[in-house]
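Enquirer: I'd like to ask you about the structure that follows.
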Amino acid sequence: MSNPVYLNTIIAVQPVSVETCLGTATSIDVIANGLSLTHQWYRNTSNNNTNGILIDGATQANYSPPVTAIGTIYYYDVIVNNGQGCAGATTNAVAVTVSAVSNAGTVSANRTICSGSTTSVSISNYTGNTITWQQSTDGTTWASVTGGSGASSATYTTPAITVLTFYRALVSNGSCAAATSGTITIIPTTTNFWEGDVSNDWNTAGNWACGTVPTLTTDVQIPVVTAPNVYPVITGATGGGVADARNVNIVSGASITVSNNGLGVFRVAGGIVNNGTLDAINGTVAFLGTTAQSIPANTFHTNFIRNLTIDNAAGVTLAGNLNLTGILTAKAGQFTTGDQLVLKSNVATTAMVAPVTGSVSGTMTIERYIPARRAFRMISSPVNGGSIFNNWQEGAPQGDIPGFGTDITGVGAGLNGFDASLSNNPSLFTYDNVGGTSWVAVTSTLTNNLMAGKPWRMLVRGDRTINQESNYATPTITTLRSRGTIATGDVTFTNLSQTGGRSNFIGNPYQAPVDMEAVLNGSTNVNKGYYFFWDPTLGGTPVVGQDGGRGA
0 MSNPVYLNTI IAVQPVSVET CLGTATSIDV IANGLSLTHQ WYRNTSNNNT
50 NGILIDGATQ ANYSPPVTAI GTIYYYDVIV NNGQGCAGAT TNAVAVTVSA
100 VSNAGTVSAN RTICSGSTTS VSISNYTGNT ITWQQSTDGT TWASVTGGSG
150 ASSATYTTPA ITVLTFYRAL VSNGSCAAAT SGTITIIPTT TNFWEGDVSN
200 DWNTAGNWAC GTVPTLTTDV QIPVVTAPNV YPVITGATGG GVADARNVNI
250 VSGASITVSN NGLGVFRVAG GIVNNGTLDA INGTVAFLGT TAQSIPANTF
300 HTNFIRNLTI DNAAGVTLAG NLNLTGILTA KAGQFTTGDQ LVLKSNVATT
350 AMVAPVTGSV SGTMTIERYI PARRAFRMIS SPVNGGSIFN NWQEGAPQGD
400 IPGFGTDITG VGAGLNGFDA SLSNNPSLFT YDNVGGTSWV AVTSTLTNNL
450 MAGKPWRMLV RGDRTINQES NYATPTITTL RSRGTIATGD VTFTNLSQTG
500 GRSNFIGNPY QAPVDMEAVL NGSTNVNKGY YFFWDPTLGG TPVVGQDGGR
550 GA
């Protein structure tokens, strides 16, 4: 009988390192050849197969290591061959790496950017060692990003964006399944946002989010800015004297100021949404779109503006009260006043209407400031409107408004619209141009209407609070208000005296100074080198056709 033969231990297949996710079971295996083999697994913190710590119960060819702690532990198997005189074997040390569950962290905020510009998206507080950015145009179908830079980093810089685009990141940690981040929405817009971090100059590109100065095709928004950033002030000092925009949106708490005695010009080709402040009290605003425009109520701070220009063939409509202190220019298209425009007058200035090359529709109120002096005034209306009673006498309200209107007296006080006085002497006259020699007292202020260019000689004592029971009442300043439609274009006066040596009394039909040289040169049968004007601040008695007194 022969003795048995035993084989030495041969490791046919070494165990291999594995990666797993926290809490996900895994195993390591060895295949060895030999007789009556026994196994004992050891663990080690370093990559070697000696001096490890014996693992109780780990005596099989495969072993499932614990996966409850993050990190890397090395394992090896010591194989004992129970054959007589046969050698055992020890496997290589293999790593079992347990990784934390993937976490995509927190994404950066949604952003609105200037169309055609780039931006960046990012994640923070994430868990993972592999990042893959994806993009979508509908938020449903996703693909890996193209263009830009940083497609596998925490911050991705996009290429130029012109359409709505969504971004997200896939974050994986080791062998753990990838986690998907929240979605970041990037909205491209043609609106240029004011930042004001360089200066208050509208025409400095660095003050705008898009890095470009707005034009008449650019929508702009003025958001709230914090110091040291500032809001725009339009002075006319740069940009060819103008600041341009299409649609303007001023948010609550933000402002635009147009200033510099009307030299600052803000040109708007679209609409204005003003929830903040648009201060044009000392500036010029021009509407020059190609489609119909509207000026909403309360567009301007305190409803005052210095100069207003209408240059839109499609028309501009005023939709709320507006007080103008400078010049109204109706250059092109129809300006519809909505019966809400007031041309103001005070001791310093009187609003005017520039020569109208467009058109003006609707009524307006035109003021004329008169200093505190009891004197006859030569006055004409710049509008075609209602009665003198309803205009210069303010409709004779029960409670007179200080600073407005005047008392007009005449025969039959209390009748025909006249106010009562001690004498009831007439205080309003016309002139008989055809006769050319006499003043004619007005017989009623109820039936005489305002007509652009029709002149009057009126004793102005002050406003309607003056006590007409006293000839010595202290005069007050007053403002006469004329409501109606303005005269535009050429005005021809007829029914004038054609007799040599006679005089004619004509009024200015426009809410603007007239060029007397042009008036005389356009007239016939007049002495073009000789005319009279009236100065109510001088003493004397008015005598038509004679030098001196108040005729100069």
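In numbering that gives the first Met the number 0, the protein residues as written are 0 to 551. Using N, Cα and C, we set each Cβ at its ideal position, and we do this for glycine too.
(1) Residues in the same chain with beta-carbon distance under 8 Å from PRO454, minus the five sequence neighbours each way, listed in chain order, please.
(2) Tell me the DSSP secondary structure of ASN559 in three-state form.
(3) Kindly list the residues whose CB is nearer than 7 Å to the CB of THR179, restricted to its own chain and excluding five residues on each side of it in sequence; keep chain order.
(4) Quick check: what's the CA-CA separation for ASP278 versus SER437?
(5) Throw me the rounded Cβ distance for the ALA318 and THR289 pair, which I believe falls under 8 Å.
(6) Which whole runs of the beta strand (DSSP E) in the region 236 to 297 are 3 residues long or more, in chain order?
(7) Using the C-alpha atoms, what's the distance from LEU519 back to ALA253?
(8) Residue range of the beta strand (DSSP E) that ASN43 falls in?
(9) Are there three or more Cβ pairs, one per stretch, closer than 8 Å when the region 9 to 28 is compared with the region 58 to 71?
(10) Sorted by chain position, which residues of the same chain lie with C-beta nearer than 6 Å to ASN48's C-beta, five sequence neighbours on each side aside?
(11) Between which two residues does the beta strand (DSSP E) holding PHE192 run?
(12) May I ask you to report which of helix, strand or coil DSSP gives MET564?
(13) Alpha carbon to alpha carbon, what distance is there between ILE249 and GLU593?
(14) Mind checking which residues open and close the alpha helix (DSSP H) that includes ILE387?
(15) With burial defined as no fewer than 16 other Cβ atoms inside 10 Å of the residue's Cβ, what is the status of LEU421: buried or exposed?
(16) Does the beta-carbon distance from ALA447 to VAL439 come in below 8 Å?
(17) Can you find the residues in the same chain that come closer than 8 Å, C-beta to C-beta, to ASN297, ignoring five residues on each side of it along the sequence?
(18) Drop a sphere of 10 angstroms on the beta-carbon of LEU537, count the other beta-carbons inside from all chains shown, and report buried for 16 or more, exposed for fewer.
(19) If you follow the beta strand (DSSP E) that CYS175 is in, where does it begin and where does it stop?
(20) Taking only the alpha-carbon atoms, compute the straight-line gap between MET0 and VAL12 and give it to the nearest angstrom.
(21) Rank THR126, GLY138, ASP137 and SER135 by C-alpha distance to the C-alpha of SER152 and give the top, closest one.
(22) So who's on the other strand from PHE165, going by DSSP bridges?
Expert: Let's see:
(1) MET377, ILE378, SER379, THR429, TYR430, PHE504, ILE505 and GLY506
(2) Outside the displayed range of the chain (0 to 551) lies residue 559, so it cannot be described from this structure.
(3) ALA103, ARG167 and LEU169
(4) 51 Å
(5) The Cβ separation is near 20 Å, so there is no contact.
(6) 241 to 244, 247 to 249, 254 to 257, 264 to 267, 271 to 273, 276 to 286 and 292 to 294
(7) 52 Å
(8) 36 to 43
(9) yes
(10) TYR75, THR89 and ALA92
(11) 190 to 192
(12) Residue 564 falls outside the range modelled here, since the chain spans only 0 to 551, and no answer is possible.
(13) In the structure displayed, the chain extends from 0 to 551; residue 593 sits before or after that span and is not available.
(14) 387 to 390
(15) exposed
(16) According to the sequence shown, residue 447 is Asn rather than Ala. Not in contact: ASN447 and VAL439 (Cβ atoms no closer than 8 Å).
(17) ASN273 and GLY319
(18) exposed
(19) Unbroken run through CYS175: none, as it is neither H nor E.
(20) With a pLDDT of only 46 at MET0, under the threshold of 50, the placement of this residue in the model should not be trusted; the figure read from the coordinates follows. Taking the straight line joining both Cα atoms gives about 35 Å.
(21) THR126
(22) SER135 and THR184
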